[in-house]
Amino acid sequence: MNSRDIFNLAHGIAAGETPDLSALVALAETPEGDALRLAAGADIIRERHFGKSVHLCTIVNAKSGNCSEDCAFCSQSAMASADISRYGLMDKDTIRQGAAYAGGSGINRYSVVTSGRRLPRAEVARVAGAFSETEAGGLGLCASLGILDAEDFALLKAAGMSRYHHNLETAKSHFNNICTTHSFEERLETLRAARAAGLSTCSGGIFGLGESDAQVLEMALTLRELDVDAVPVNFLIPIKGTRMEGAGRITPLRCIKIIALLRYVLPQKDILVCGGREANMKELAPLVFFAGASGIMTGNYLTQAGRAVEDDLSLIARLGFSVRES
């Protein structure tokens with residue numbers, strides 16, 4: 031696909047047209063070296079729907095390690111030997127303090143994230159208790175607590191949570207290469223149950239797991255079908271002691287290509303660049319906003335350090351963007 035075709039496609043999508051599958055396949059097959067041409071078109075689409083606003087989210091790792099699942103990339107898996115902190119569910123005050131800091135920093139959403147296949151019902155109730163005692167103001171409350179059901183979601187929603195996060199991680203056709211202890215369908219069912227409970231949904235994945243360009247597109251189309259509201263984009267940081275420790279970092283241009291492709295498929299959804307942004311993109315990390323991303327995760331990640339909130343706020347301002355009003 032040449033530059034003119036890319037720009038015509040981008041303008042059409044920005045105007046509300048839905049691209050046919052053959053056009054999206056052609057985008058996915060664009061050589062990595064031409065990623066910036068894809069980015070220029072993706073930026074047109076992002077600008078149309080989000081202007082110069084940036085969505086900021088942050089997380090707290092509220093329960094760490096000792097997970098029963100065998101996700102190949104994850105340092106918290108019981109099958110991994112990574113050197114990480116392991117602890118039970120944080121107390122309510124610590125969770126609330128994190129929310130207070132996020133709200134005071136101008137961040138849009140704060141998510142409580144826990145390890146494990148699913149958080150036990152009693153611990154879900156403790157998270158709900160923390161939410162119900164949080165003076166959120168304009169701060170959106172989110173959680174990522176594993177494979178939950180309708181009863182869990184009703185409890186959390188009643189406590190003030192408005193969004194549930196549950197990544198697909200990768201395409202269905204690649205999922206069994208990454209995880210065997212639960213199914214891709216269970217992840218889909220969790221997201222559908224969250225939406226049925228009246229919650230907005232946040233779901234994306236990790237790139238750099240050996241997926242093909244076609245599988246990046248496959249996952250994007252699944253997310254479009256699920257009609258998720260936000261798409262977190264993570265780039266693998268190979269961690270010693272995990273099955274993926276020997277994987278190489280993906281290149282900055284491949285990161286840009288992935289972000290851009292997601293924007294063509296999901297023109298009106300928040301695309302949030304999260305873990306691995308700095309480690310994989312290096313000096314090109316600021317270009318995420320010009321490649322189709324409409325937001326970032328700021329602060330630390332689950333078991334890896336991120337960027338200070340103040341540094342990200344400064345970067346956003348220097349690039350001519352502003353944090354979206356909640």
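To convert, take the position in the sequence shown, counting from 1, and add 30; that gives the numbering used here. We treat Cβ as the ideally placed atom computed from N, Cα and C, and that holds for glycine.
- Nearest in C-alpha terms to Arg293, of all of Ile74, Leu51, Gly63, is Ile74.
- Residue state for Pro262 is assigned as strand, using DSSP reduced to three classes.
- Spatial neighbours of Cys304 in its own chain (CB-CB distance under 6 angstroms, excluding positions within 5 residues in sequence) are listed in chain order as Pro262, Asn264, Met327.
- Going by DSSP, Gly325 is part of the beta strand (DSSP E) stretching over 325 to 327.
- Take Lys270, set aside five residues on each side of it, and the residues of its chain with a beta-carbon closer than 7 angstroms to its own are Ala112, in chain order.
- In the pairwise beta carbon analysis, the segment 226 to 234 is classified as not touching the segment 284 to 291: fewer than three pairs are separated by under 8 angstroms.
- By the neighbour-count criterion, in which a residue is buried when 16 or more other Cβ atoms sit within 10 angstroms of its Cβ, Pro316 is exposed.
- Per DSSP, reduced to three states, the secondary structure at Cys304 is coil, with no helix or strand assignment.
- Residue range 83 to 93 is occupied by the beta strand (DSSP E) that includes His85.
- By the C-beta criterion, the segment 268 to 284 is judged to be in contact with the segment 61 to 77, since at least 3 inter-stretch pairs fall below 8 angstroms.
- A residue is called buried when at least 16 other Cβ atoms come within 10 angstroms of its Cβ; Thr211 does not meet this threshold and is exposed.
- C-alpha of Thr220 to C-alpha of Leu171: approximately 18 angstroms in a straight line.
- The beta carbon of Leu54 sits closer than 7 angstroms to those of Leu247, Tyr294, Val295, all from its chain and outside the five residues before and after it, given in chain order.
- With a cut-off of 8 angstroms on Cβ pairs, the segment 236 to 243 is not in contact with the segment 140 to 158, counting fewer than three such pairs.
- Leu266 and Phe80 have their C-alpha atoms some 27 angstroms from each other.
- Looking at the DSSP output, Ala173 bridges to Val142, Tyr194.
- Cys209 sits in coil when the DSSP states are folded into three classes, being neither helix nor strand.
- Inter-segment contact for the segment 154 to 173 and the segment 186 to 193 is present: three or more beta-carbon pairs are separated by less than 8 angstroms.
- Short of 6 angstroms from the beta carbon of Phe214, and not among the five residues preceding or following it, lie these beta carbons of its own chain, in chain order: Lys202, Phe205.
- When DSSP states are grouped into helix, strand and coil, Ser242 belongs to the coil group.
- When the Cα atoms are used, Cys101 and Ile208 turn out to be separated by approximately 6 angstroms.
- Around the beta carbon of Asn310, a 10 Å sphere encloses 16 or more other beta carbons of the protein chains shown; the residue is thus reported as buried.
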